[in-house]
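The opening position of the sequence shown corresponds to residue 5 in the numbering used here, with each subsequent residue numbered one higher. For each residue, glycine too, the CB sits at the ideal point set by N, CA and C. From a predicted model like this one, the values you see are computed outputs, not experimental measurements. Reviewing the structure listed below.
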Amino acid sequence: KPFASTPNILLNYLSFCHNINESFSVQTLHYHFVTMTLPKFVVLSLIFSTLIMLVSTHTLNDQEQIMENPLILQACSNIKDRDACLSNLKSFLDNHNSVNQKPESILRAALKATLNETQLAMQTFTRFTSLSSSSREQIAIEDCKELLDFSVSELAWSLAEMREIRSGSQNPHYQGNLKAWLSAALSNQDTCLEGFEGTDRHLESFIRGSLTQVTQLISNVLTLYTQLHTLPFKPPRNYGGKTNTFFPHWMTKGDKDLMVASPNGMHMDAVVALDGSGHYRSISEAINEAPDHSNRRYVIYVKRGIYKENVDMKKKKTNIMLVGDGIGATVVTGDRNFLQGWTTFRTATVAVSGRGFIARDMTFRNTAGPQNHQGVALRVDSDQSAFYREPLPLQKVTITAQGRKDPNQNTGFSIQDSFIYATKPTYLGRPWKAYSRTVFMNTYMSSMVQPRGWLEWYGNFALNTLWYGEYRNYGPGAGLSGRVRWPGYHMTMDASTADSFTVRRFIDGLAWLPATGVAFS
Numbered sequence: 005k006p007f008a009s010t011p012n013i014l015l016n017y018l019s020f021c022h023n024i025n026e027s028f029s030v031q032t033l034h035y036h037f038v039t040m041t042l043p044k045f046v047v048l049s050l051i052f053s054t055l056i057m058l059v060s061t062h063t064l065n066d067q068e069q070i071m072e073n074p075l076i077l078q079a080c081s082n083i084k085d086r087d088a089c090l091s092n093l094k095s096f097l098d099n100h101n102s103v104n105q106k107p108e109s110i111l112r113a114a115l116k117a118t119l120n121e122t123q124l125a126m127q128t129f130t131r132f133t134s135l136s137s138s139s140r141e142q143i144a145i146e147d148c149k150e151l152l153d154f155s156v157s158e159l160a161w162s163l164a165e166m167r168e169i170r171s172g173s174q175n176p177h178y179q180g181n182l183k184a185w186l187s188a189a190l191s192n193q194d195t196c197l198e199g200f201e202g203t204d205r206h207l208e209s210f211i212r213g214s215l216t217q218v219t220q221l222i223s224n225v226l227t228l229y230t231q232l233h234t235l236p237f238k239p240p241r242n243y244g245g246k247t248n249t250f251f252p253h254w255m256t257k258g259d260k261d262l263m264v265a266s267p268n269g270m271h272m273d274a275v276v277a278l279d280g281s282g283h284y285r286s287i288s289e290a291i292n293e294a295p296d297h298s299n300r301r302y303v304i305y306v307k308r309g310i311y312k313e314n315v316d317m318k319k320k321k322t323n324i325m326l327v328g329d330g331i332g333a334t335v336v337t338g339d340r341n342f343l344q345g346w347t348t349f350r351t352a353t354v355a356v357s358g359r360g361f362i363a364r365d366m367t368f369r370n371t372a373g374p375q376n377h378q379g380v381a382l383r384v385d386s387d388q389s390a391f392y393r394e395p396l397p398l399q400k401v402t403i404t405a406q407g408r409k410d411p412n413q414n415t416g417f418s419i420q421d422s423f424i425y426a427t428k429p430t431y432l433g434r435p436w437k438a439y440s441r442t443v444f445m446n447t448y449m450s451s452m453v454q455p456r457g458w459l460e461w462y463g464n465f466a467l468n469t470l471w472y473g474e475y476r477n478y479g480p481g482a483g484l485s486g487r488v489r490w491p492g493y494h495m496t497m498d499a500s501t502a503d504s505f506t507v508r509r510f511i512d513g514l515a516w517l518p519a520t521g522v523a524f525s
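Now the structure itself:
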């Protein structure tokens, strides 16, 4: 006999219904029950069928209620496989007992689902390596793997920051961190695809397909976070306490001394000198020997000289500080360029990925020249990095080409209290992406800055959606009468608008810059 007693039948059946995958049809469930039941149990079968329908209907109603939540729908909007996205998101909600549908729970689940999808994309890229037909494609794939690794870290940091979300007072620095990391994670995919310029584009189509869902998921999370920007945040312990010297009170005396000391009085962890008078002859050697994942400042003094090398500070090299003997005295130089077969990402003379990087009294340059197309002097993927007395050598007719692609990203260029000199006609910027954002404030502009000020990228692209502005600039090139009249150009910014682009507000400078020792006002 298939069943010993009615109570056992009911218990086993309800247990089976509770554990079965929800996509399994009720009709099929009923069918299996009937086929394994003797005729005298037919009446009992019909009773149990009703029970199954009640249990399944309840489950479906719960699922429908979850899927009708507008925040969940926002997290999966414009996704090609929307049903899979919703199911995946729901699994993260259920697995963490977050079906109460609080906004922060949905945002956290969306972040987890996006992080999971990004990690899967990284695994896919490994399989593409064997399909590359040229060295440029091979380099581009390696770029993509590294860039996706950045995105994984930035999404993980965002999740960690979400743990601080509590009811009560709100700390604006958390909002700045989350938006900065999500914005960076969104930009990484574009940089990956740009590496396939100069190839036959065949492999790029596969890479683009793998990135489409990741890119849209990150964009959706960023949009969702922007909509929920009023979430309550709880400040961390000791937040906000400062000493009279403007350093956070939790900094050690040694750190404070390091920040205020002149270069000659600093404690140096390593010394680089071309003549062999230091610990190392090259900067790369010193970087490689620096501790991984350091929680304290590691200072490398680079003596006067011209260092012909390409320096690559990987993500694990954190809190490194390079101190030179002055602009033009300590020079790191290279000439990698696009025509040599490098991706733009890899042309950088100095590339920085580790968090908390600081440089002062250094010059970084790339001497490839415009005839060799892209050649980058300094590439920075580092979070909370600062450059003190670091010049931006002008190698193109436009000073900036900012690439914000989503209006919810908090990225952009703000150039303040600077000096623009040039020997050839120069423009302030052009829009690389649709929502490009750049402002110049309190900056001297020489006569080589052209009267129209700004250049198009091509045609009317982004002229309505960009955000360019100028505020209280001076010098022969700062006149506004001949400037462009684009819808997105703000010729006269008021003080309130200009304030939103200051160090304090635009990059949340008060939260982290004082600890670096970089002076600002």
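8 Å contact criterion, which residue i and residue j should meet: CB distance rounded
i	j	result
residue 272	residue 326	Actually they do not touch by this definition, with Cβ atoms about 11 Å apart.
residue 113	residue 93	6 Å
residue 207	residue 132	6 Å
residue 143	residue 350	6 Å
residue 447	residue 406	Between residue 406 and residue 447 the Cβ distance is about 16 Å, and since that is not below 8 Å, they are no contact.
Where residue i sits in the DSSP three-state scheme
i	result
residue 420	strand
residue 52	For residue 52, the predicted model reports a pLDDT of 46, less than 50, meaning its position is unreliable; a value from the coordinates is still stated below. Three-state DSSP puts residue 52 in a helix.
residue 111	helix
residue 37	Low local confidence applies: a pLDDT of 37 at residue 37 is under 50, so the model's placement there is unreliable, with the coordinate-based value given in what follows. It is helical.
residue 229	helix
residue 368	strand
residue 77	helix
residue 270	coil
residue 488	coil
residue 363	strand
residue 358	coil
residue 425	coil
residue 390	strand
residue 519	helix
residue 403	strand
residue 83	coil
residue 382	strand
residue 334	strand
residue 291	helix
residue 145	helix
residue 512	coil
residue 398	Only weak support exists for where residue 398 lies, its pLDDT of 44 falling under 50; the value from the coordinates is given anyway. In the structure shown, residue 398 sits in coil (DSSP, three-state: anything other than H, G, I, E or B).
residue 506	coil
residue 251	Low confidence applies here, because residue 251 scores a pLDDT of 41, under 50, leaving its location unreliable and the question unanswered by this model.
Check whether residue i and residue j have beta carbons under 8 Å apart
i	j	result
residue 197	residue 225	no
residue 445	residue 482	no
residue 368	residue 386	no
residue 439	residue 470	yes
residue 371	residue 199	no
residue 300	residue 268	no
residue 221	residue 118	yes
residue 227	residue 412	yes
residue 217	residue 289	no
residue 429	residue 466	no
residue 116	residue 152	no
residue 128	residue 214	yes
residue 343	residue 377	yes
residue 181	residue 158	no
residue 488	residue 457	yes
residue 433	residue 404	yes
residue 141	residue 203	yes
residue 472	residue 497	no
residue 510	residue 451	no
residue 490	residue 388	no
residue 479	residue 455	no
residue 321	residue 363	no
For this session: Give a yes or no on contact between the segment 381-389 and the segment 352-370, applying the rule of three or more CB pairs nearer than 8 Å.
Result: yes
For this session: Return the chain-ordered ranges of every beta strand (DSSP E) run that is complete within the segment 306-331 and spans a minimum of 3 residues.
Result: 309-312, 315-317, 324-327
Problem set entry | Touching by the beta-carbon criterion (3+ pairs, under 8 Å), the segment 329-342 and the segment 312-320 | yes
For this session: Entirely within the segment 431-501 and at least 3 residues each: give me those beta strand (DSSP E) ranges in chain order.
Result: 431-433, 441-445, 471-475
For this session: Tell me, please, whether the segment 275-283 touches the segment 294-308 by the rule of three or more beta-carbon pairs shorter than 8 Å.
Result: yes
Exercise. Where are the alpha helix (DSSP H) runs, 4 residues long or more, that stay fully inside the segment 196-231, in chain order?
Worked result: 206-231
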